[in-house]
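Numbering-wise, the sequence shown is residues 1 to 266 according to full-length UniProt numbering.
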Amino acid sequence: MTAQQHGTPRSFEELIDEAAAVSVEGWDFSWLEGRATEQRPSWGYARSMGERMARASAALDIQTGGGEVLASVPVLPQLTVATEAWPPNAAKATALLRPRGVAVVADPEEPPLPFADEAFDLVVSRHPVRAYWQEIARVLRPGGTYFSQEVGPASVFELVEYFLGPQPPEARCARDPQAARAAAETAGLDVVDLRAESLRTEFHDIGAVVYFLRKVIWMVPGFTVEQYRPQLVALHERIESEGPFVATTTRFLIEAVKPGSCRSRH
């Protein structure tokens, strides 16, 4: 569904009312199909994570969201646990993952992790708010692997700065892949893979923008349609006259291993 449905242009009010009413629970962006596009990283995180899951005996998925990525894994380890902080997401993840034998633990996005030392030979996380490397290293067994795809620096900042204005250098440099490498190594892990990519994202109607900002709440903190209505109207008119709003998404892949034997990665 796009801004023009069955040949009839949809008004600004129709688009934002629809986007403001739809549920933003979970981490499934299928509502944006036909309304926004995001180029995917070349490494295929979900597929690669699934390959590692098939070789693991005990795995932890940190900040699982609604459990969508973990649920896509064909073969899960005998012991698989996920954590999630936001209650609506935790409930959704539980409903999705319980039939597959996965325990979902409600846990705040801050240390400590509620697990014993060396409990897992594989820890994964897709788009963590923050990676607590000391805790990751603590719960990994010797030879165990941490495998994660993270949001990189200044991701979708064209949209952020449209609403908030120019951001300070420190905001643009946050979530740097090399800083993640340094933090992992400080925690005693060996970084065996680190890759970063810049990817094209397009928003084809103002409803897609509203939905995205409601769901990814840290982009424009406290975003509401009412507060940003003038900017939304102007952006709607811009998209209608010039075409999609284009932004750059940044992602990086990091894989780190805890020194020792019994490595789960081979």
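Idealized CB from N, CA, C, for every residue including glycine.
Taking the alpha-carbon positions, what's the residue i to residue j distance?
i: residue 260; j: residue 91; result: 36 Å
i: residue 172; j: residue 149; result: 19 Å
i: residue 50; j: residue 67; result: 14 Å
i: residue 118; j: residue 174; result: 30 Å
i: residue 88; j: residue 80; result: 21 Å
i: residue 15; j: residue 242; result: 18 Å
i: residue 21; j: residue 109; result: 27 Å
i: residue 250; j: residue 13; result: 31 Å
i: residue 2; j: residue 29; result: Note that residue 2 scores a pLDDT of 40, beneath 50, so its modelled location is shaky and nothing firm can be said.
i: residue 18; j: residue 11; result: 11 Å
i: residue 60; j: residue 9; result: 46 Å
i: residue 102; j: residue 145; result: 19 Å
Determine the DSSP secondary structure at residue i, reduced to helix, strand or coil.
i: residue 179; result: helix
i: residue 171; result: helix
i: residue 229; result: helix
i: residue 48; result: helix
i: residue 257; result: strand
i: residue 76; result: coil
i: residue 109; result: coil
i: residue 249; result: strand
i: residue 30; result: helix
i: residue 200; result: strand
i: residue 216; result: coil
i: residue 205; result: coil
i: residue 117; result: coil
i: residue 98; result: helix
i: residue 241; result: helix
Which same chain residues end up closer than 6 Å to residue i when comparing Cβ atoms and leaving out the 5 residues on each side of it in sequence?
i: residue 46; result: 69, 72
i: residue 64; result: 70, 82, 84, 93
i: residue 125; result: 62, 63, 148
i: residue 158; result: 247
i: residue 252; result: 150, 152, 177, 196
i: residue 130; result: none
Could you give the first and the last residue of the continuous alpha helix (DSSP H) run that contains residue i?
i: residue 138; result: 133-139
i: residue 154; result: It is not in any alpha helix (DSSP H) - residue 154 carries neither H nor E in the DSSP assignment.
i: residue 25; result: Counting along the chain, residue 25 falls outside any alpha helix (DSSP H), and DSSP gives it neither H nor E.
List the whole-angstrom C-beta distance separating residue i from residue j, where the pair is believed to meet the contact cut-off of C-beta under 8 Å.
i: residue 216; j: residue 235; result: Incorrect: roughly 16 Å between the Cβ atoms, too far for contact.
i: residue 212; j: residue 244; result: Not really, about 13 Å apart at Cβ, beyond 8 Å.
i: residue 32; j: residue 53; result: Contact doesn't hold; Cβ gap of about 27 Å is too wide.
i: residue 181; j: residue 191; result: 5 Å
i: residue 218; j: residue 183; result: Not a contact, Cβ separation roughly 19 Å.
i: residue 120; j: residue 231; result: No, residue 120 and residue 231 are not in contact; Cβ-Cβ is about 44 Å, not under 8 Å.
i: residue 199; j: residue 99; result: Actually they are not in contact, since the Cβ atoms of residue 199 and residue 99 sit about 33 Å apart, beyond 8 Å.
Leaving aside the five residues before and after residue i along the sequence, list all residues of the same chain whose C-beta is less than 7 Å from its C-beta, in chain order.
i: residue 137; result: 187, 188, 189, 258
Beta strand (DSSP E) containing residue i: first to last residue?
i: residue 84; result: 79-84
i: residue 36; result: 36-38
i: residue 120; result: 120-126
i: residue 60; result: 58-61
Excluding sequence positions up to five away, which residues of its chain have a Cβ less than 8 Å from the Cβ of residue i?
i: residue 107; result: 83, 84, 85, 113, 114
i: residue 74; result: 50, 54
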